[in-house]
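Notes to accompany the following structure.
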Amino acid sequence: MLGPHEVVTIGLSHHTAPVSLRERLAMPSDAVGRHLLRLREDKVAQEGFILSTCNRVEIYALVDGADMGQRLTRYLAGAHGLTWRELDPHLYRYQGADAVAHLFRVASSLDSLVVGEPQILGQVKDAFRIAAEQRAVGRFLGPLMRRTLTVAKRVRTETRIGRESVSVGSAGVELAQQVFGDLAGRRVLLVGAGEMGRLVAQSMLGQGVAEIIVANRTYQNAVALAELFGGTAVHLDQLTRYLEQVDIVVTSTGATSYLLTRAMMAPILRARRYRPLFLVDLSVPRNIEPSVHDLEGAYLFNVDDLTEVAQRGLLRRREEASRAEAIVQHEASRCYRSLGARSADPVIAAMTRRAEDARRRELDRSEAILRALPAKERQVVEAMSKAMFKRFLHDAIAQAHQLGERGDEDGLKLLGEIFGATHPTSEDDDDAR
Amino acid sequence: MQPLLFTVALFAYLVVASARLPGLWSPPSWLGSVGRVALWVGAVAHIVGIGLLAMHQGGPPVLAAGGTLVTLAAFLGAANVLMQRQPYGEALSGVLGALSAAMLGLGMLLPQGSERAPEALASLWFPIHAAMILLGLLGFALAFGVSALYLVVSGRLKAKRLGDLGRLPSIDALDALNTRFIVLGFLALTFGIAAGGLWATSIPDRAPRLGPTVYVTVVLWGWYAAAVMVRVVGGWRGRLAAHFSLVGFLGLLVSLGSIVAISRGWH
Numbered sequence: 006m007l008g009p010h011e012v013v014t015i016g017l018s019h020h021t022a023p024v025s026l027r028e029r030l031a032m033p034s035d036a037v038g039r040h041l042l043r044l045r046e047d048k049v050a051q052e053g054f055i056l057s058t059c060n061r062v063e064i065y066a067l068v069d070g071a072d073m074g075q076r077l078t079r080y081l082a083g084a085h086g087l088t089w090r091e092l093d094p095h096l097y098r099y100q101g102a103d104a105v106a107h108l109f110r111v112a113s114s115l116d117s118l119v120v121g122e123p124q125i126l127g128q129v130k131d132a133f134r135i136a137a138e139q140r141a142v143g144r145f146l147g148p149l150m151r152r153t154l155t156v157a158k159r160v161r162t163e164t165r166i167g168r169e170s171v172s173v174g175s176a177g178v179e180l181a182q183q184v185f186g187d188l189a190g191r192r193v194l195l196v197g198a199g200e201m202g203r204l205v206a207q208s209m210l211g212q213g214v215a216e217i218i219v220a221n222r223t224y225q226n227a228v229a230l231a232e233l234f235g236g237t238a239v240h241l242d243q244l245t246r247y248l249e250q251v252d253i254v255v256t257s258t259g260a261t262s263y264l265l266t267r268a269m270m271a272p273i274l275r276a277r278r279y280r281p282l283f284l285v286d287l288s289v290p291r292n293i294e295p296s297v298h299d300l301e302g303a304y305l306f307n308v309d310d311l312t313e314v315a316q317r318g319l320l321r322r323r324e325e326a327s328r329a330e331a332i333v334q335h336e337a338s339r340c341y342r343s344l345g346a347r348s349a350d351p352v353i354a355a356m357t358r359r360a361e362d363a364r365r366r367e368l369d370r371s372e373a374i375l376r377a378l379p380a381k382e383r384q385v386v387e388a389m390s391k392a393m394f395k396r397f398l399h400d401a402i403a404q405a406h407q408l409g410e411r412g413d414e415d416g417l418k419l420l421g422e423i424f425g426a427t428h429p430t431s432e433d434d435d436d437a438r
Numbered sequence: 646m647q648p649l650l651f652t653v654a655l656f657a658y659l660v661v662a663s664a665r666l667p668g669l670w671s672p673p674s675w676l677g678s679v680g681r682v683a684l685w686v687g688a689v690a691h692i693v694g695i696g697l698l699a700m701h702q703g704g705p706p707v708l709a710a711g712g713t714l715v716t717l718a719a720f721l722g723a724a725n726v727l728m729q730r731q732p733y734g735e736a737l738s739g740v741l742g743a744l745s746a747a748m749l750g751l752g753m754l755l756p757q758g759s760e761r762a763p764e765a766l767a768s769l770w771f772p773i774h775a776a777m778i779l780l781g782l783l784g785f786a787l788a789f790g791v792s793a794l795y796l797v798v799s800g801r802l803k804a805k806r807l808g809d810l811g812r813l814p815s816i817d818a819l820d821a822l823n824t825r826f827i828v829l830g831f832l833a834l835t836f837g838i839a840a841g842g843l844w845a846t847s848i849p850d851r852a853p854r855l856g857p858t859v860y861v862t863v864v865l866w867g868w869y870a871a872a873v874m875v876r877v878v879g880g881w882r883g884r885l886a887a888h889f890s891l892v893g894f895l896g897l898l899v900s901l902g903s904i905v906a907i908s909r910g911w912h
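Going down the list, the protein sequences come from chains F and Y. Using the working numbering, the letters of the first sequence correspond one by one to residues 6 to 438. Using the working numbering, the letters of the second sequence correspond one by one to residues 646 to 912.
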């Protein structure tokens, strides 16, 4: 517990709910802002933020410890015209350190449909931004948001979860990078207008290739595709000329015989002086004679090779996910403890305030004597009185932090009473924000 | 003291090679860290040993083939340590470790020179000659390492052994690096040979001596001149350029080994 409150998560995702339900609960950015406002106005939550993507809708909130988010669930159902019974079977709920761990898992892309995909972190950042703009987060969820971003970055840095290729497009890029390193400035020749070829070319475009040249049997289709990529369309009979110039060739046509044969490629590679040529044949039946791969300077990969790289990437991401999970669990318990320590802040502030009042009163009482002292000696007395109170409070403050970390609500209350400090209420938190 | 330090360095380089070379074909393991520590130990022991040998000989130990090889291996060890920060450093360190061990081992078998002859110090051309020849050989040694790695990466791509390949540098980067090292080595060797000629003629009453090392140097220069022509002027890429670097430097090591085998006790 964080004082009288608790952090809870209520939501549903692709793991628990069909798309028909997810789309009913999905909230566009402007709606998220309105919901956050209502949550606080209706006293459903003291702080909160909402993560709404195509795969999940989740509310993270600071709620009264006694309620534990029951009202939040009712709110979620009511706001979307659903009954409790319709919604409840698809919901998951986490509280305390588990809620923190879930947020860290989501932001680190461990809970994503494709584990390790990078988009989720951007969506989490958007959710945080909207909540901050709405002033919907404060003493507890504010630091939690900042910590979430740090943990997600740590997971990305310390594991390879986001680095392995998991699609045919990214596998093509990965293999091309093994030949060329940076793809910036490279020229790509796309032969055919097949879907797979488009995907690979699109991925390469994302890596900063200089130009995509499209060759197709039907010139109009080549023009249309070249426009899509901002590239150049060429006739298929000009292929040989361009093969000498480009760095990467992607074939994806419906041709039933080889478009590029060994006999055709050998002189081209010699003319290139064996400058590497990376060839991806995504067609079935294949468009490039397999023995082209044996030629010096030619590196030919087919759809099976790319699929193998993508599958291995998926497997590795799963392996890396267990390492990432350990980081997340460790960080979550640490973060929750530090949030707990924050719950002691109002008690500590009240203790310090009370001590300072007492110190000032005593100094004021001795005002006549102090005034007679030289300025330097007055400063010494002032500093000494401060040091005495500080030392006196030191153990009590440390104890308050520990009680907060342990979530010992009664202990904090007692400590507050001993020092004449009232324990914070929800209203105090609202005022603090 | 220096034989002990050289022996420590030799074993350390062998550990580097054993720990890092398997990583070119299999996933990285804890052995990689062992390799990093061994590399530091080897390079430090080696450089301290060279320092002691230089103090003993009254100058850099580069007058005899053995001394030159031992010194060159020390530079290669130091270059290996410096390159650890580069993206290709870890992949390259196993190959360079093995090469350092081979050169140091061979250098330890060969005569490392005795006290410096006075005429060696008589001309300013000598330190220029020695430094340039060493720099040239270092360039060729690095080109050898990079070319060996090029053949490994290229071979794995050709064999479609794609697991963990992403950890290794791209073949294009290795090819560019090979070219840079060959050009650096060739230019330095050319200046070194020219400075050596000037040094020889600057010593009065001393007829130029044409020994086996001179012949090896001339052949080496010719070989790398051809490599520069093929790669830089002709623009030929790939395994051909890599083979030039490999054969050139292996040829140098074999030649020096043969010299000592034929003329044992020759100083």
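No residue lacks a Cβ here, since even glycine has one placed at the ideal position from N, Cα and C. Keep in mind the model is a prediction, meaning the values are calculated, not measured.
Q. Do the CB positions of L721/Y and L684/Y come within less than 9 Å of each other?
A. no
**Q.** Whole-number beta carbon distance between R322/F and E169/F, since they are thought to touch under 8 Å
**A.** 5 Å
(Q) Residues in the same chain with beta-carbon distance under 7 Å from V661/Y, minus the five sequence neighbours each way, listed in chain order, please. (A) G680, A683, L684, G687, S738, G739 and G742
Q.
Quick check on this structure: which residue in L865/Y, V878/Y and F826/Y has the alpha carbon closest to the alpha carbon of L783/Y?
A. F826/Y
Q: Report yes or no: is there a C-beta of chain F within less than 9 Å of the C-beta of A709/Y?
A: no
Q | Nearest residue (CA-CA) to I125/F, options Q182/F, G147/F, R61/F and R90/F | A | R61/F
Q.
Do T14/F and Y80/F count as a contact pair if the criterion is CB distance below 9 Å?
A. no
**Q.** Cut-off 6 Å between Cβ atoms - residues of its own chain near A664/Y, not counting five sequence neighbours on either side
**A.** L676, V679 and G680
Q) If we call anything under 9 Å between Cβ atoms a contact, is L282/F one with D252/F? A) yes
(Q) With three or more C-beta pairs closer than 8 Å as the rule, is the stretch 183-198 of chain F touching the stretch 250-266 of chain F? (A) yes
Q.
Mapping the DSSP letters down to three states, classify D817/Y as helix, strand or coil.
A. helix
Q) Bridge partners of L282/F, per DSSP? A) A303/F
Q) Relative to the alpha-carbon of M748/Y, which residue among T824/Y, T652/Y and T846/Y has its alpha-carbon at the smallest distance? A) T652/Y
Q: Output the boundary residues of the alpha helix (DSSP H) element that contains I773/Y.
A: W770 to K803
Q.
Cutting at 7 Å between CB atoms, please list the residues of its own chain near A346/F, excluding the five before and the five after it.
A. H406, G409 and E410
Q: To the nearest angstrom, report how far apart E336/F and A776/Y are at their CA atoms.
A: 54 Å
Q.
Let's test the definition: count the other Cβ atoms within 10 Å of the Cβ of H10/F and tell me whether it reaches 16, buried, or not, exposed.
A. buried
Q.
Against D310/F, what residues of chain Y qualify as contacts under a CB-to-CB distance less than 8 Å, listed in chain order?
A. K805 and L807
**Q.** DSSP state of A22/F mapped onto helix, strand, coil
**A.** coil
(Q) Ignoring anything shorter than 3 residues, give me the beta strand (DSSP E) runs that lie fully in the stretch 201-253 of chain F, in order along the chain. (A) 216-221 and 237-240
Q. Looking only at its own chain, which residues have a Cβ that is under 7 Å from the Cβ of V119/F, when we skip the five neighbours before and after it?
A. V171
Q. Going along the chain, which residues of its own chain have a beta-carbon closer than 8 Å to the beta-carbon of Q139/F, five neighbours each way excluded?
A. G38, L41 and L42
Q: Answer yes or no: do G750/Y and L655/Y have a C-beta to C-beta separation smaller than 9 Å?
A: yes
Q | Contact belief for V214/F with A227/F at Cβ below 8 Å, rounded distance in angstroms | A | Not quite, the Cβ-Cβ distance comes to about 17 Å (not below 8 Å), so this is no contact.
Q. So is L885/Y in contact with chain F if we call contact Cβ pairs under 9 Å?
A. yes
Q: For the beta strand (DSSP E) containing Q100/F, list its first residue and its last residue.
A: Y97 to Q100
Q: Between the Cα of R383/F and those of D369/F, F394/F, K395/F and G190/F, spot the shortest distance and give me the residue it belongs to.
A: D369/F
Q) How many whole angstroms separate the CB atoms of L780/Y and A833/Y, which I take to be in contact at a CB cut-off of 8 Å? A) 4 Å
Q) The alpha helix (DSSP H) with I125/F in it runs from where to where? A) Q124 to E138
Q) Among F394/F, A373/F and A380/F, which residue has its Cα nearest to the Cα of G358/F? A) Looking at the sequence itself, residue 358/F is Arg, so the reference to Gly does not match. Looking at the Cα atoms, F394/F is the closest of the given residues.
**Q.** Residue range of the beta strand (DSSP E) that includes S117/F
**A.** Unbroken run through S117/F: none, as it is neither H nor E.
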